[in-house]
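Here numbering that gives the first Met the number 0 is used: the first residue of the sequence shown is 0, the next is one more, and so on.
We put the beta carbon where it would ideally sit given N, CA and C, even for glycine.
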Amino acid sequence: MVVILLGPPGVGKGTQGARLVDDLGWVRIATGDLLRSARRAGSELGDKAREYMDAGELVPDDLIVALVREHLEKLDPEVGVLFDGFPRTVPQAVSLDAMLPEVSRKVDGVLLFEAPDDVLFKRISGRRSSPEGRVYNVYFDPPKADGVCDVTGSPLVHREDDRPETVERRLEVYQKQTSPLISYYDAAPTRVMRIQGDGDMEEVRGAVREALATELGAGAAGA
Ligand code: AMP
Numbered sequence: 000m001v002v003i004l005l006g007p008p009g010v011g012k013g014t015q016g017a018r019l020v021d022d023l024g025w026v027r028i029a030t031g032d033l034l035r036s037a038r039r040a041g042s043e044l045g046d047k048a049r050e051y052m053d054a055g056e057l058v059p060d061d062l063i064v065a066l067v068r069e070h071l072e073k074l075d076p077e078v079g080v081l082f083d084g085f086p087r088t089v090p091q092a093v094s095l096d097a098m099l100p101e102v103s104r105k106v107d108g109v110l111l112f113e114a115p116d117d118v119l120f121k122r123i124s125g126r127r128s129s130p131e132g133r134v135y136n137v138y139f140d141p142p143k144a145d146g147v148c149d150v151t152g153s154p155l156v157h158r159e160d161d162r163p164e165t166v167e168r169r170l171e172v173y174q175k176q177t178s179p180l181i182s183y184y185d186a187a188p189t190r191v192m193r194i195q196g197d198g199d200m201e202e203v204r205g206a207v208r209e210a211l212a213t214e215l216g217a218g219a220a221g222a
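Structure (structure tokens):
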């Protein structure tokens, strides 16, 4: 089974994706996470991607497609795959459609997460994280003292691509380059399941599980 998580930045794809793979025992391929670890490792790909990412632009399709191919080839053929943040352009989707049959797979469904732009803007631009990985939001879940972690007292970091100007750009890039994928998949024999992403996290999780179970027969028995 191959399912794609589609939706604007900040809509909660990452959070829901992580829960889904826990629930279903699938593998998640999140290109944003792979690029961030390539940057931390100082690899050539990481260096090439840095400038695009910090400006809120998309990394070129050929680099992304090569990265995904490398991960697809290593997968156990039986395991379900959840793509998070990929594809992000129509050419990436076309490449994915060409690559999957080589590993005897196809896209089975798309979970499309939607939320109003003002909610997305606050969710991303308000995000602050501690070096230990605790995440706060200055609008929705602020730390007790400004700019420091409640637990460790470490200074909180505002990611470069979460700064307001960059967030505006990321939302624009989504509209222009990624949202055409909605009609691409609507026109394909692929189930597009629409999920309202701005509700309570557990409600969204329930909606995702229900959509997968009723539309694809996937994971109905999961915890
Ligand atoms: P994300 O964590 O998914 O929001 O991704 C962070 C950044 O990585 C994006 O703003 C892009 O610069 C880059 N990126 C991640 N996935 C892709 C992709 N499929 N195509 C192009 N750029 C990507």
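Only residues of its own chain outside the window of five on either side were considered, and among them Ala92, Leu95 have a CB closer than 6 Å to the CB of Pro86, listed in chain order. The secondary-structure analysis by DSSP pairs Pro154 across a beta bridge with Val147. Classified as exposed, Asp149 has fewer than 16 neighbouring CB atoms from the shown chains inside 10 Å of its CB. Between the beta-carbon of Val89 and that of Leu180 there is about 6 Å, and that keeps the pair under the 8 Å contact cut.
When distances are taken from the beta-carbon of Tyr51 to the heavy atoms of the ligand AMP, the shortest one is below 8 Å. Checking the 8 Å criterion, the Cβ of Val172 is within range of a heavy atom belonging to the ligand AMP. As the crow flies, the alpha-carbon of Asp161 is around 16 Å from that of Arg133. Burial state of Met192 is buried, judged by a 10 Å Cβ sphere holding 16 or more other Cβ atoms. For the pair Val20 and Asp199, the Cα-to-Cα distance works out to about 19 Å.
A straight line joining the alpha-carbon of Arg190 with that of Arg38 spans about 34 Å. In the DSSP assignment, Phe120 falls within the alpha helix (DSSP H) that extends over 116-124. Taking 9 Å as the cut-off, the Cβ atoms of Val106 and Val2 count as close. Here Gly79 has Met0, Val1, Val2, Leu23, Gly24, Trp25, Val26, Ala217 as same chain residues with Cβ atoms under 8 Å from its own Cβ, once five neighbours each way along the sequence are excluded. Tyr51: member of the alpha helix (DSSP H) spanning 43-53, first to last residue. Not one heavy atom of the ligand AMP sits closer than 8 Å to the Cβ of Gln15. In the three-state scheme derived from DSSP, where H, G and I count as helix and E and B as strand, Val102 is classed as helix. Annotated three-state conformation of Asp83 is strand, per DSSP.
In the DSSP assignment, Ala29 falls within the beta strand (DSSP E) that extends over 26-29. Close CB contacts of Pro130 within its chain, under the 6 Å cut and outside five residues either way in sequence, are with Ser153 (chain order). Shown here, Met0 sits in coil according to DSSP, grouped into three states, outside any helix or strand. Between Arg127 and Gly55, the C-beta gap is not smaller than 9 Å, which leaves the two residues out of contact. Within 10 angstroms of the beta-carbon of Gly125 lie 16 or more other beta-carbons, which makes it buried.
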